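Residue numbers (this note's numbering), protein chains in the order written: chain E, 91 to 450; chain V, 91 to 450. Contents: one structure, followed by commentary.
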């Protein structure tokens, strides 16, 4: 593990994040290491439990590499869960078979929040940084490795609700009824997320992404006060180097196209988009401040091959022959999707963008 | 039932929809006749089934009046289900206890779509117009009565999926794989929705609303091609009188704040807003073309009384002392919410807006 790391053979993804020209649009896919792959399901079965899979660096490494081995993807992403942080804070994460995540000790009072502290990265989350180091080593420089975390607001939702939620009644009520405690919790989570992503960068992550999955559940003023503000704090606090060595940061607030301009001012290098935004409109709105990542509706992978091809081509042309586009879906690939359809999507984006850039 | 109808005692709601000045902001609440009311649950229990409740005009009338009897609301809304149209088209609607709607004969092929025809309003949907007539009569002109329908796209979702759906894989695949059949289905549904709302107007509905609950699930180009286009058709085809007697039309595409300007050009009199849009921004974007309805996050009704008061006051001031605001939540009230908190919300909007208009 201490051998020098191989030089990066494919830097399209990092170049696009820095809005530098590329020969073709880089592609990676949210949840690319996941249940839609039979090889993932085999490793998952071997692990015995989802938690075991996340917490065993060798297994997390194995599944992180699977999509990169199978498809011509331009980036790998760490396999982990967004709830590692609350678990490290002592909330007791578990996954019942066929159900969502559950916390044994959710935040139920102001006192529960006041009791929380910054987890220790080495002792509480070392299994994640071990996985990052192992994946970097095993990638042999083929493509860059992305680290990630949930956003402060999204983590707070799970921590307060105790698991998934349809309406976030408890989490939103905290914002309304005790905003001071909410801000204290979110400020602590922003520091924790920055430290966690910083540890992933120190271990070898070449880009990092923050998933603000539940930003879109908030009213516009609450999104700005309780989600975006702490995305800005993560960006400000994150130790990620300087100049050419600076590690790019991607933010993705799902369902928050209303605030694209504000997202572009957070200090992030790239903004994730879902499919309710057009790439050309988005590019006009953010100008040359940030790169954009997205944004095809994943459900197209249930449609026929000509529809998949058409959506890939449309995305490439909507963005146009400009630097700064990373192709992705607007949400994670679903467990029941056909891997071969993903291959078609990737190949079409690569081919179409190569032709567009060659002719531009 | 043939006695002349009483003159309207409270016309605030209709005046606001026409952007005329009012003494205070009118309030009604989506799902105001519903499970959060103990008197609704009593009638529902007496009915035996949800379908029976919808299809028995006396019972539908009874529950439509309950919220108006209890609260100082400025409008009543017909109690019904948005899936009456597909049921009338022969798809066989049922509700299993504790589950969502199910169709016995969902649309599974092009042939299933080609076989559909316009239902007969009198024989297939007469129970709805009977309920409208009865509610109008029983209201004695206290407040206006709103009729409603699901939007063509939203109805198509349920008809293709066979019930509720998380990702709309079948419905969206039809748009991608066989757009011609999708357009045929949506055009038929637009004619049907217009005829259905026209029949409700003929029976006495004084305003009508179209719920495009799943517009926000679509990509931006698909929203315009497959949802908004057919909202425009409904507006164009709807027989709703002329001049001062013209019956106002409200459109609500949930999660589609991205296309507010286009919604304002459909021919509708008012546009519904969810809480991800600020009322002042929305007013600036649509100018004086349409009234606006909304938009407080319903989840605030789970929070404390001072938060509820603050959200009501904020909504009134966000819109400001201009004509053309109907207060509502941004989504229906939840079954587990406390009716007394709704009373506080209504009273606060009334009081705050009366003070604002008096001082303006």
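Ideal Cβ placement from N, Cα and C applies to all residues, glycine included. From a predicted model like this one, the values you see are computed outputs, not experimental measurements.
Short CB-CB distance (under 8 Å) between residue i and chain V
i                     : result
residue 365 (chain E) : yes
residue 267 (chain E) : yes
residue 294 (chain E) : no
residue 200 (chain E) : no
residue 170 (chain E) : no
residue 248 (chain E) : no
residue 390 (chain E) : yes
residue 378 (chain E) : no
residue 368 (chain E) : yes
residue 207 (chain E) : no
residue 402 (chain E) : no
residue 314 (chain E) : no
residue 164 (chain E) : no
residue 432 (chain E) : no
residue 409 (chain E) : no
residue 309 (chain E) : yes
Simplified DSSP state of residue i, which is helix, strand or coil
i                     : result
residue 393 (chain E) : coil
residue 298 (chain E) : strand
residue 100 (chain V) : coil
residue 337 (chain V) : coil
residue 154 (chain V) : helix
residue 91 (chain E)  : Caution is warranted here: a pLDDT of 46 is assigned to residue 91 (chain E), below 50, making its placement in the model unreliable, and the coordinate value is therefore given only provisionally. It is coil, neither helix nor strand.
residue 140 (chain V) : helix
residue 415 (chain E) : strand
residue 233 (chain E) : coil
residue 117 (chain V) : strand
residue 162 (chain E) : coil
residue 242 (chain E) : helix
residue 423 (chain V) : coil
residue 437 (chain E) : helix
residue 108 (chain V) : coil
residue 254 (chain E) : coil
residue 223 (chain V) : helix
residue 146 (chain E) : coil
Contact with chain E by residue i, beta-carbon distance below 8 Å
i                     : result
residue 91 (chain V)  : Model confidence at residue 91 (chain V) stands at a pLDDT of 46, short of 50, so the residue's coordinates are unreliable and nothing is read from them.
residue 347 (chain V) : yes
residue 417 (chain V) : no
residue 343 (chain V) : no
Residue nearest to residue i in terms of C-alpha spacing, selected from the options
i                     : options                       : result
residue 294 (chain V) : V:398, V:155 and V:224        : V:224
residue 399 (chain V) : V:230, V:253 and V:440        : V:440
residue 99 (chain V)  : V:296, V:233 and V:246        : V:233
residue 266 (chain E) : V:382, V:241 and V:404        : V:404
residue 325 (chain E) : E:186, E:345 and E:239        : E:239
residue 96 (chain V)  : V:122, V:226 and V:106        : V:226
residue 437 (chain E) : E:108, E:143 and E:161        : E:161
residue 245 (chain V) : V:271, V:177 and V:213        : V:177
residue 127 (chain V) : V:156, V:299, V:144 and V:446 : V:156
residue 286 (chain V) : V:354, V:228 and V:213        : V:213
residue 146 (chain E) : E:216, E:394 and E:248        : E:216
residue 158 (chain E) : E:135, E:230 and E:373        : E:230
residue 411 (chain V) : V:303, V:432, V:442 and V:392 : V:442
residue 89 (chain V)  : V:365, V:112, V:340 and V:366 : Only positions 91 to 450 of chain V appear in the structure, and residue 89 (chain V) is not among them; the question remains open.
Residue j beta carbon less than 8 Å from that of residue i
i                     : j                     : result
residue 327 (chain E) : residue 317 (chain E) : no
residue 103 (chain V) : residue 194 (chain V) : no
residue 389 (chain V) : residue 262 (chain E) : yes
residue 172 (chain E) : residue 423 (chain E) : no
residue 241 (chain V) : residue 305 (chain V) : yes
residue 417 (chain E) : residue 115 (chain E) : yes
residue 425 (chain V) : residue 190 (chain V) : no
residue 291 (chain V) : residue 330 (chain V) : yes
residue 175 (chain V) : residue 209 (chain V) : yes
residue 342 (chain V) : residue 369 (chain V) : no
residue 299 (chain V) : residue 236 (chain V) : yes
residue 376 (chain E) : residue 419 (chain E) : no
residue 280 (chain V) : residue 313 (chain V) : no
residue 345 (chain E) : residue 363 (chain E) : no
residue 137 (chain E) : residue 149 (chain E) : yes
residue 357 (chain V) : residue 322 (chain V) : yes
residue 170 (chain E) : residue 221 (chain E) : yes
Proximity test, residue i beta-carbon vs the ligand ADP heavy atom, cut-off 7 Å
i                     : result
residue 160 (chain E) : Absence of the ligand ADP is noted for the structure shown, with no ligands found whatsoever.
At 4 residues or longer, and completely inside the region 301 to 388 of chain E: list those alpha helix (DSSP H) runs for me, N to C. When DSSP assignments are scanned along the region 301 to 388 of chain E, the uninterrupted stretches of alpha helix (DSSP H) that are 4 or more residues long and fall wholly within it turn out to be 319 to 327, 350 to 353 and 369 to 376.
Legend entry - alpha helix (DSSP H) runs wholly inside the region 158 to 208 of chain V, at least 4 long, in chain order: Qualifying alpha helix (DSSP H) stretches, in chain order: 200 to 204.
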